[in-house]
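S.K.: Take a look at the following structure, please.
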Ligand SMILES: Cc1cc2nc3c(=O)[nH]c(=O)nc-3n(C[C@H](O)[C@H](O)[C@H](O)COP(=O)(O)OP(=O)(O)OC[C@H]3O[C@@H](n4cnc5c(N)ncnc54)[C@H](O)[C@@H]3O)c2cc1C
Ligand SMILES: Cc1cc2nc3c(=O)[nH]c(=O)nc-3n(C[C@H](O)[C@H](O)[C@H](O)COP(=O)(O)OP(=O)(O)OC[C@H]3O[C@@H](n4cnc5c(N)ncnc54)[C@H](O)[C@@H]3O)c2cc1C
Ligand SMILES: Cc1cc2nc3c(=O)[nH]c(=O)nc-3n(C[C@H](O)[C@H](O)[C@H](O)COP(=O)(O)O)c2cc1C
Ligand SMILES: Cc1cc2nc3c(=O)[nH]c(=O)nc-3n(C[C@H](O)[C@H](O)[C@H](O)COP(=O)(O)O)c2cc1C
Ligand code: FES
Ligand code: FES
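Residue numbers (my numbering), protein chains in the order written: chain A, 1 to 266; chain B, 267 to 532; chain C, 533 to 831; chain D, 832 to 1130.
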């Protein structure tokens, strides 16, 4: 159940140009129930503009260490925009209104042993959380991480050591020269679950790769995270819908994570 | 001539509950030309709300100490409102848009030897500047300082040492129990200029005291500062007018300081 | 403090006056004083249509029983898919929305929610939108005996399909016609929600009050648009959308003030309310109750 | 970046393409293409009426010659004292004003400013407000031969005293009548400035364009109100005032978009412009030029 609370700013670390990892103190009851792929709505401009809270995926939720203590939420936040630019300038003790955890995250079934994660852009945050959860269950993790250039990649030190990480950049400045989806083929036979957080064209390419698959195995189920501009974050305004085979669904409540085969992508 | 510039925040000192003395770095050319009673328009909320710059009287303008250096502006700022609450939380290096110096300040003629200053509320800021300028010219200064309670008085340490300071509080918690205008009588024979910065009812009482004066001297000229909500601060929007014997005048350009006998007060 | 305001003297606590806890103050209000079925709310703060779903979505997050009433998302005769995406855009101190009345239709709503609503203390008002006068009346009749429905709010900011797309709420005659038809179809309290996109809100308010509205609510959203400069096209899939939030408050307060002086029925003020102070502005302008919409998303 | 937008691929700098300095781009625009006296501006950014005085006030503070044109404060046939104080109130991302057209009257304006204006490179457009059609025409005739006056902007957001106080700009017939009368009284370029407080801006825009307007500017302010909760009365001495600033931008963009599709004359967009991005929204909506008003106070 989501909660409305006032989060205390702890610190921020410039992880990438114009992207910071922001740590917020949150009620223990919130930090304890986060599942990877869920998000929070975060506000806090002074005055009435910008007005709306912004959704941010939860990169890591650390439970309270002892009774009475708070938990910690880590977010990977783009600091170049209007909504969260101020987060990079926040000071210890500053507080921000937060609602969360929200939405439906990734689910790794009981029998999953090998998961393939595909991250492009800030989605790497949510997938770090998922990788850590998977590794904790002794699930083998391979991450395909894409970015336009090497400079736009989250430094690998932020990724769990035990995950296999394979990089692709559009300009070839690091790893594979091209898209993460070029690298799929070898993994479709390996993974028994695929989870992605990337721009939609990546999902379309992923779907095509699955269609092209001629191997012997039953294809692994694929879960992908969708993004839409949001107002309420809790499913009341119907501002964030996506088309699915079962009709329109809200990204904020029914998603952000959906089975790829249920989505009607452009 | 006013300038539009970006002021760098230096520091703020809580001088009173919900009132801080804020120091801003300003271009040398600005600090050099300020006259007591002038003000700046200061903005800086993040986002588009609050939208308008706020007028603040200049408490002290310190000239640049050497060529190429900046000047310093000190403001006494109410930090409880929407406009400048954030100033109290600013950090060294933060910058704010400023326009100034603006308006027409106090003028002490060549032959003035004894000036009576009457300050109630944040007007004490502008009158500190005036007191310092007068003392520098060897003019004797007496300040009547009024406030609701002793706690709302600017600590006397902020006032120039060489000024005679007489306090009145509405609740009698310090100095005279009553209004500053109760204390006038003794000074009408003494002063050869009177300058006030106070709420308008004080000016009405002052005018009445002058009418009642039955002494032998020609009454000293009285200058008072007016306040109106402002939008432009430079005389174009006509949002801040006051009625004078010569028609409507703008507080931001023709004022804020007016001869008392030219004002049509309610 | 600007000297245009005389300082308010701090009055000392009147010793001996009874200390009233906030709970002991009666804030209740009847929004349909001329209707035998009345519409009594324990307090005058309602959740606005479209910003609170059907009430159930917020049930876990906030104490919905503390509200004076809940106005449901707009309901139509038949299911609607709504407008194409994107549906929302943030604007200075406000937002645009073009949800396009996505809803499962009145039958599905009546199947699902009344059993839940009737278990709540907080009254639920169903917001209706129709393509024709007949649709409005038909839906009102369907609600007349539904359990858990305390009243009806008519969203007349929608085009009359039978009259060339003229908005019901933009023409005094059409607005009166739909009000009268609904009035005849139900004994439930009927609130007519006015659109601000008109030259003369007072004439429309009078026409609607004369046609039998128990109360008026105003304002609905202002018609607006935002353009995505990078993509060189409107942000919203629907091109235009409804502007709401603090940005519109001055327009809303003005209209409430004008209408309150002109009609005798209770007025529910809304448009940009984000604080107690904002709500008080509407009460001082003449409102008997207020609704909070967009600000629900902002705190 | 939200995934609703496909990422824009970063195109590498096209080697060999000539590097154009901003100065070499021709930004000039003629706002009266059908008028032999034309109204050519070096760039399409104007200072809006009432927010730039008569141009002289800002002359020392900013480089006014960098503007495309300056629109003067509204001028009336005779001197006006304007509205009672207070005259301005800040609102969320906006402000209300009720200045009430304080000005010294057209004779005094013509005595004082044309000699100054005629020395400037930047064209000055005189904004006129009248009580009657006759007053508008009379003032237009007085301006016809004035030196330093490049055009006229008609503020039709004022009541027609001869027609029971109906606003000129709220009725297509009245708006057309005043436009035609001014058109007949002067050969100067005539811009008609539309009020947004109407049900149907397109009909009024068409009527005005057909009546001979060289260009349209929109929007004037939205009618609004703020209430001082502590003093329990309206903030403004005039009770209501005009809402401007970023808050109104979505309404302004929508109206420019609607009008641009309906008329052939150039459109000058304004309402809430506070950045280059805002201005581009108006150009994409169909404006040929833009005016900046309230934001002049905010930076
Ligand atoms: C379910 C969900 C989860 C999300 N999770 C995250 C998250 O974990 N981290 C995160 O940073 N954002 C995330 N977003 C996006 C986030 O909500 C904001 O939209 C984004 O941070 C920009 O908001 P803003 O107000 O700061 O920028 P705006 O002022 O609205 O945008 C400023 C400009 O920056 C561009 N821009 C916006 N975001 C980016 C970006 N990330 N990189 C480069 N340019 C950008 C915009 O296109 C625009 O031109 C998520 C969105 C959704 C729907
Ligand atoms: C020429 C001129 C000079 C001025 N000089 C100064 C100055 O030197 N220092 C200064 O602080 N202000 C000064 N003001 C007033 C200032 O411009 C602002 O109006 C004031 O600071 C409140 O603005 P705000 O936006 O912070 O508060 P708002 O959010 O607009 O007001 C918040 C609340 O606080 C109350 N309030 C506002 N000001 C005060 C105050 N000073 N003390 C107690 N309550 C208050 C308001 O009535 C309101 O209820 C001056 C005004 C003018 C016209
Ligand atoms: C996302 C959204 C959906 C809305 N849906 C409806 C609706 O279905 N029916 C209706 O009458 N009003 C609808 N409205 C209008 C609001 O009820 C309200 O009139 C308007 O937003 C102004 O109030 P506010 O500024 O407090 O939001 C909607 C508003 C928003 C923001
Ligand atoms: C203080 C003030 C005075 C104004 N005076 C006039 C006027 O005299 N004539 C006129 O046509 N418009 C006047 N306007 C309206 C502006 O020109 C403009 O149409 C409106 O403010 C919207 O633009 P903005 O949001 O950029 O300010 C005035 C606006 C303000 C804020
Ligand atoms: S953001 Fe409101 S329904 Fe998803
Ligand atoms: S504030 Fe605009 S004229 Fe004084």
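By construction, the Cβ of each residue, glycine as well, lies at the ideal position given by its N, Cα and C atoms.
With a cut-off of 9 Å, does the C-beta of residue 924 of chain D fall near any C-beta of chain A?
M.R.: The residue labelled residue 924 of chain D in the question sits at position 93 within the fourth chain. Interface residue, yes.
S.K.: Strictly below 8 Å CB to CB, what residues from chain D border residue 49 of chain A?
M.R.: On the first chain, position 49 is the one that residue 49 of chain A refers to. Result: 923, 924, 1077.
S.K.: Taking 7 Å as the limit between beta carbons, can you name the residues of its chain near residue 1112 of chain D, skipping five residues before and five after?
M.R.: What you label residue 1112 of chain D is simply residue 281 of the fourth chain in a count that begins at 1. Contacts found: 1084.
S.K.: So which of A:21, A:31, A:2, A:97 has the shortest CA-CA distance to residue 11 of chain A?
M.R.: Position 11 of the first chain, counted from the first residue, corresponds to residue 11 of chain A. Checked all of A:21, A:31, A:2, A:97; the closest Cα to residue 11 of chain A is A:21.
S.K.: Could you have a look at residue 987 of chain D and say whether DSSP puts it in helix, strand or coil?
M.R.: Locating residue 987 of chain D in the fourth chain gives position 156, where the first residue counts as 1. Residue 987 of chain D falls in the coil class under three-state DSSP.
S.K.: Quick one, are the C-beta atoms of residue 529 of chain B and residue 507 of chain B less than 9 Å apart?
M.R.: Position 263 of the second chain, counted from the start, is the residue given in the question as residue 529 of chain B. Position 241 of the second chain, counted from the start, is the residue given in the question as residue 507 of chain B. Not closer than 9 Å, so no.
S.K.: Check for me: the beta strand (DSSP E) holding residue 325 of chain B runs from which residue to which?
M.R.: Mapped onto the second chain, residue 325 of chain B falls at position 59. That run of the beta strand (DSSP E) goes 320–328.
S.K.: Between residue 479 of chain B and residue 1001 of chain D, what straight-line distance do the alpha-carbon atoms span, to the nearest angstrom?
M.R.: For the purposes of this step, residue 479 of chain B is taken as residue 213 along the second chain, with counting starting at 1. For the purposes of this step, residue 1001 of chain D is taken as residue 170 along the fourth chain, with counting starting at 1. Distance between the alpha carbons of residue 479 of chain B and residue 1001 of chain D: 58 Å.
S.K.: Any heavy atom of ligand 1 closer than 8 Å to the CB of residue 241 of chain A?
M.R.: Reading the first chain from its first residue, position 241 is the one you call residue 241 of chain A. The answer is no for residue 241 of chain A.
S.K.: Taking buried to mean at least 16 other C-beta atoms within 10 Å of its own C-beta, is residue 856 of chain D buried or exposed?
M.R.: The residue given as residue 856 of chain D occupies position 25 in the fourth chain. Exposed: under 16 other Cβ atoms inside 10 Å.
S.K.: Listed from N- to C-terminal order along the chain, which residues in the stretch 499–521 of chain B have their beta-carbon within a distance smaller than 7 Å of any beta-carbon of chain D?
M.R.: 500, 501, 502, 503, 504, 505, 507, 514
S.K.: Find out if the Cβ-Cβ distance for the pair residue 326 of chain B, residue 395 of chain B is shorter than 9 Å.
M.R.: In the second chain, residue 326 of chain B corresponds to position 60, counting from 1. In the second chain, residue 395 of chain B corresponds to position 129, counting from 1. Their beta carbons are under 9 Å apart, which means residue 326 of chain B touches residue 395 of chain B by this criterion.
S.K.: Which complete alpha helix (DSSP H) runs does the stretch 1009–1073 of chain D hold, if anything under 4 residues is left out?
M.R.: 1032–1041
S.K.: Mind reading off the beta-carbon distance from residue 390 of chain B to residue 450 of chain B? Whole number of angstroms is fine, and I expect it under 8 Å.
M.R.: The count along the second chain starts at 1 and reaches residue 390 of chain B at position 124. The count along the second chain starts at 1 and reaches residue 450 of chain B at position 184. The Cβ separation is near 18 Å, so there is no contact.
S.K.: In angstroms with no decimal places, state the Cα-to-Cα distance between residue 413 of chain B and residue 434 of chain B.
M.R.: Locating residue 413 of chain B in the second chain gives position 147, where the first residue counts as 1. Locating residue 434 of chain B in the second chain gives position 168, where the first residue counts as 1. Answer to the nearest angstrom: the Cα atoms are 7 Å apart.
S.K.: Bridge partners of residue 880 of chain D, per DSSP?
M.R.: Mapped onto the fourth chain, residue 880 of chain D falls at position 49. Answer is none; residue 880 of chain D lacks a bridge partner.
S.K.: Chain D beta carbons: is any one of them nearer than 9 Å to that of residue 309 of chain B?
M.R.: Against the second chain, residue 309 of chain B aligns to sequence position 43. At a cut-off of 9 Å between beta-carbon atoms, residue 309 of chain B makes contact with chain D.
S.K.: For the stretch 161–235 of chain A, which segments carrying the alpha helix (DSSP H) assignment without a break, of at least 4 residues, lie completely within its bounds, in sequence order?
M.R.: 185–188, 200–212
S.K.: Can you give me the Cβ contacts of residue 116 of chain A inside the same chain, cut-off strictly under 6 Å, excluding the 5 residues immediately before and after it?
M.R.: In the first chain, the residue the question calls residue 116 of chain A occupies position 116. Excluding residues within five positions, the ones whose Cβ falls inside 6 Å are 142, 187, 191, 194.
S.K.: Taking the alpha helix (DSSP H) that residue 809 of chain C falls in, what are its first and last residues?
M.R.: Translated into the one-based positions of the third chain, residue 809 of chain C becomes position 277. First-last of the alpha helix (DSSP H) with residue 809 of chain C: 808–817.
S.K.: Check whether the stretch 37–56 of chain A touches the stretch 98–105 of chain A, counting contact only when three or more Cβ pairs, one atom from each stretch, lie closer than 8 Å.
M.R.: The answer is yes - the stretch 98–105 of chain A touches the stretch 37–56 of chain A, with three or more Cβ pairs under 8 Å.
S.K.: Please say whether residue 588 of chain C and residue 660 of chain C have beta carbons closer to each other than 9 Å?
M.R.: Start at 1 with the first residue of the third chain, and residue 660 of chain C comes out as number 128. Start at 1 with the first residue of the third chain, and residue 588 of chain C comes out as number 56. No, the Cβ-Cβ distance between residue 660 of chain C and residue 588 of chain C is not below 9 Å.
S.K.: For chain A, is any of its Cβ atoms less than 9 Å away from the one on residue 605 of chain C?
M.R.: Within the third chain, residue 605 of chain C is the residue found at index 73, counting from 1. With 9 Å as the cut-off, residue 605 of chain C counts as an interface residue toward chain A.
S.K.: Just the Cα atoms here: how many angstroms apart are residue 852 of chain D and residue 520 of chain B?
M.R.: Locating residue 852 of chain D in the fourth chain gives position 21, where the first residue counts as 1. Locating residue 520 of chain B in the second chain gives position 254, where the first residue counts as 1. In this prediction, residue 852 of chain D has a pLDDT of 49, which is less than 50 and means its spatial position is unreliable; nothing more can be read from the coordinates.
S.K.: Considering just the uninterrupted stretch of the alpha helix (DSSP H) at residue 785 of chain C, what are its terminal residues?
M.R.: Locating residue 785 of chain C in the third chain gives position 253, counting from the first residue. 781–792 is the span of the alpha helix (DSSP H), which, as asked, contains residue 785 of chain C.
S.K.: What residues in its chain sit with their C-beta under 8 Å from that of residue 1037 of chain D, if we drop five residues either side in the sequence?
M.R.: Walking along the fourth chain from the start, residue 1037 of chain D turns up at place 206. For residue 1037 of chain D, where only same-chain residues beyond five positions count, the Cβ hits under 8 Å are 1003, 1093, 1094.
S.K.: From the beta carbon of residue 81 of chain A, is the nearest beta carbon of chain B less than 9 Å away?
M.R.: Numbered from its first residue, the first chain carries residue 81 of chain A at position 81. Closer than 9 Å: no.
S.K.: Going along chain A, which residues have a C-beta under 9 Å from residue 805 of chain C?
M.R.: In the third chain, residue 805 of chain C corresponds to position 273, counting from 1. Near residue 805 of chain C there are no residues of chain A at all, since even the closest Cβ is about 12 Å away, more than 9 Å.
S.K.: Mind checking if residue 280 of chain B is an interface residue toward chain A, Cβ cutoff 9 Å exclusive?
M.R.: As a position in the second chain, residue 280 of chain B is number 14, starting the count at 1. Under the 9 Å criterion on CB atoms, residue 280 of chain B is classed as non-interfacial with respect to chain A.
S.K.: Can you look up residue 7 of chain A in the DSSP assignment and give me helix, strand or coil?
M.R.: On the first chain, residue 7 of chain A is found 7 positions in, with the first residue counted as 1. Looking at residue 7 of chain A - three-state DSSP - the assignment turns out to be strand.
S.K.: So which of B:473, B:298, B:373, B:421 has the shortest CA-CA distance to residue 522 of chain B?
M.R.: Counting from one through the second chain, the residue named residue 522 of chain B turns up at place 256. Taking only the C-alpha atoms, the option nearest residue 522 of chain B is B:373.
S.K.: Starting from residue 41 of chain A and walking both ways along the alpha helix (DSSP H), at which residues does that stretch end?
M.R.: Within the first chain, the letter at position 41 stands for residue 41 of chain A. No alpha helix (DSSP H) contains residue 41 of chain A, which is instead part of the beta strand (DSSP E) from 39–42.
S.K.: List the DSSP bridge partners of residue 380 of chain B.
M.R.: Here residue 380 of chain B is taken as the residue at index 114 of the second chain, counted from 1. Answer by DSSP bridge pairing, in chain order: B:406.
S.K.: For chain B, check one thing: does any of its Cβ atoms lie closer than 9 Å to the Cβ of residue 820 of chain C?
M.R.: Within the third chain, the letter at position 288 stands for residue 820 of chain C. Closer than 9 Å: no.
S.K.: Can you name the start and end residues of the alpha helix (DSSP H) that residue 973 of chain D belongs to?
M.R.: Here residue 973 of chain D refers to the residue found at position 142 when the fourth chain is read from its first residue. Unbroken alpha helix (DSSP H) run through residue 973 of chain D: 964–975.
S.K.: Is there at least one Cβ from chain C nearer than 9 Å to residue 989 of chain D's Cβ?
M.R.: Within the fourth chain, the letter at position 158 stands for residue 989 of chain D. Interface flag for residue 989 of chain D against chain C is unset, since no Cβ pair is found closer than 9 Å.
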